[in-house]
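Chains as they are written, first to last, in my numbering: chain C, 1 to 158; chain S, 1001 to 1158.
Backbone N, C-alpha and C define an ideal beta-carbon position, used for all residues, glycine too.
A short worksheet on the structure shown next.
Number of protein chains: 2
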Amino acid sequence: MDLRDLDSSTCSVARSLEIVGRPWVLLVLREAFYGLRRFSDIQEHLGVSRSVLAARLDEMVEEGLLERRPYREPGRRERTEYVLADKGRDLYPVIVALRQWGDRHLAGDDGVPVHAEHAGCGASVRAELVCEAGHVVDSGDVERRPGPGMRRRDAVAG
Amino acid sequence: MDLRDLDSSTCSVARSLEIVGRPWVLLVLREAFYGLRRFSDIQEHLGVSRSVLAARLDEMVEEGLLERRPYREPGRRERTEYVLADKGRDLYPVIVALRQWGDRHLAGDDGVPVHAEHAGCGASVRAELVCEAGHVVDSGDVERRPGPGMRRRDAVAG
DNA sequence: CGGCTGGGTTCGACGTGCGAACTCAGCTAG
DNA sequence: CTAGCTGAGTTCGCACGTCGAACCCAGCCG
């Protein structure tokens, strides 16, 4: 059986992209990692239109990436803020991997705008491919093989 | 200086997404990692329209993600195939991170369709956050700080 | 009570992705 | 030499999604 026969839509990459690949989703998450939580802060910071942001936030709450949480400053009306849920926080490696790729290949300016470090030891954090034997793996040194959940394009079962 | 003041567009994540966030780009790369190279194979496998695929491949070659390479089967006309360039191959961690997230949060079926393993030792490969001290880092244990290339939204030089 | 502000929703215009149909070059069969 | 096939696009009209701007609404404040 050949990897080329894999039904494209059963792939986790494709399923992930249906959610994460929508415009603004990863950027909203990035804002959330930066600590922005309020609608107008996110809207202003990203420069996204309000209508699209409202729709995207709804979807992201629906998907479980963010949680809506009522919030109240003294003397102010109650507001909603959007905080990272676990499912959203687990996308952090994707964001780090994207940032690294951009830092490496789209550079041309004065350096890395944001630096991530390990809360435990203070050392900077990178996304790496690692194998279970503990080696750091280069992208060229990966072999892909069919796994248990593989499905042929042209066969319903088997 | 607060991370919230970062100009959104200087972020490598945003710059990466301008390229990688376009529809089909990551899926075309996934196909490339699987070994698909020919236009019609990719088109048929992904189910993308020819017009969009042609445009996307042009852009990806333009961006340096893929390389066009003439190819000829005996008794056949010369064709073009699209092979991964280094810049495209370096996106593999992004794809692995997306796949892992999908495997974890969008599961609900019979397992992982594709298994990646280290060509050196045969152990399976994952994308992990690691710090320079060599620790594997949890997404919750990351602190973000301004780096050297940071730019305020409201100040040209600062 | 009347205005202000945060947090949306609604609306029309534009842009872009989409599938289907068309084009075109080179190979092959007759 | 011609007719037909195939792979690889290109063109076309439609539909959906994003956009900015305008509108709305609830609560607080003077």
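Integer-rounded CB distance, given that C/Val142 should sit under 8 Å from S/Ala1119: Taking the second sequence and counting its residues from 1, the one referred to as residue 1119 of chain S is at position 119. Taking the first sequence and counting its residues from 1, the one referred to as residue 142 of chain C is at position 142. With 8 Å as the limit, S/Ala1119 and C/Val142 qualify as a contact, their Cβ atoms being about 7 Å apart.
Comparing alpha-carbon positions, which option in C/Ala133, C/Arg22, C/Arg77 and C/Phe39 lies nearest C/Arg83? As a first step, residue 83 of chain C must be located in the first sequence, where it is residue number 83. It should be pointed out that residue 83 of chain C corresponds to Val in this sequence rather than to Arg. Of the candidates C/Ala133, C/Arg22, C/Arg77 and C/Phe39, the one whose C-alpha sits nearest the C-alpha of C/Val83 is C/Phe39.
Would you kindly check if the distance between the Cβ of S/Val1028 and the Cβ of S/Arg1056 is under 8 Å? Stepping through the second sequence from its first residue, residue 1056 of chain S is reached at position 56. Stepping through the second sequence from its first residue, residue 1028 of chain S is reached at position 28. Yes, the pair counts as a contact, with Cβ atoms nearer than the cut-off.
I want to verify the contact list: residues of chain C whose CB lies under 8 Å from the CB of S/Arg1056, in sequence order. Here the question's residue 1056 of chain S lines up with position 56 in the second sequence. In chain order: nothing, as chain C lies at least about 13 Å away.
Please work out which residues of its chain come closer than 7 Å, Cβ to Cβ, to C/Asp110, disregarding the five sequence neighbours upstream and downstream, and give them in chain order. Taking the first residue of the first sequence as 1, we reach residue 110 of chain C at position 110. Reliability fails at C/Asp110, whose pLDDT of 49 lies under 50, so the model's placement of it is uncertain and the value that follows must be treated cautiously. Within the same chain, C/Asp110 has no close Cβ partners at all.
I believe S/Val1125 touches S/Val1096 by the beta-carbon criterion, under 8 Å. Please report the beta-carbon distance rounded to the nearest angstrom. On the second sequence, residue 1125 of chain S is found 125 positions in, with the first residue counted as 1. On the second sequence, residue 1096 of chain S is found 96 positions in, with the first residue counted as 1. 7 Å between Cβ atoms; contact.
Does any residue of chain C have a CB that is nearer than 8 Å to the CB of S/Glu1132? Taking the second sequence and counting its residues from 1, the one referred to as residue 1132 of chain S is at position 132. By this cut-off, S/Glu1132 is an interface position.
Would you mind working out which of C/Val20, C/Leu36 and C/Cys11 sits nearest S/Arg1144, comparing C-alpha positions? For the purposes of this step, residue 1144 of chain S is identified with residue 144 of the second sequence, where counting begins at 1. It is C/Leu36 whose Cα lies nearest to the Cα of S/Arg1144.
My understanding is that C/His48 touches C/Trp24, with C-beta atoms under 8 Å, so please give their C-beta distance in whole angstroms. In the first sequence, counting from the first residue as 1, residue 48 of chain C sits at position 48. In the first sequence, counting from the first residue as 1, residue 24 of chain C sits at position 24. Rather than His, the amino acid found at residue 48 of chain C in this sequence is Val. Between C/Trp24 and C/Val48 the Cβ distance is about 5 Å, and since that is below 8 Å, they are a contact.
Beta-carbon of C/Arg37 versus every beta-carbon of chain S: anything under 8 Å? On the first sequence, residue 37 of chain C is found 37 positions in, with the first residue counted as 1. So, not an interface residue.
To which residues of the same chain is C/Glu81 closer than 7 Å at the C-beta, ignoring the five residues directly before and after it? Residue 81 of chain C sits at position 81 when you count from the first residue of the first sequence. Same-chain partners within the cutoff: Arg37, Arg38, Arg69 and Tyr71.
Closest to C/Glu132 by CA distance: which of S/Asp1138, S/Ser1139 and S/Ala1123 is it? Position 132 of the first sequence, counted from the first residue, corresponds to residue 132 of chain C. Per the Cα distances, S/Ala1123.
When you compare only the Cα positions, how much space is there between C/Asp58 and S/Glu1044? Residue numbering aside, residue 58 of chain C sits at position 58 when the first sequence is read from its first letter. Residue numbering aside, residue 1044 of chain S sits at position 44 when the second sequence is read from its first letter. Cα to Cα, C/Asp58 sits roughly 34 Å from S/Glu1044.
Cutoff 8 Å; reference S/Glu1078; Cβ partners in own chain excluding five residues on either side: In the second sequence, counting from the first residue as 1, residue 1078 of chain S sits at position 78. The answer, listed in chain order, is Pro1070, Tyr1071 and Arg1072.
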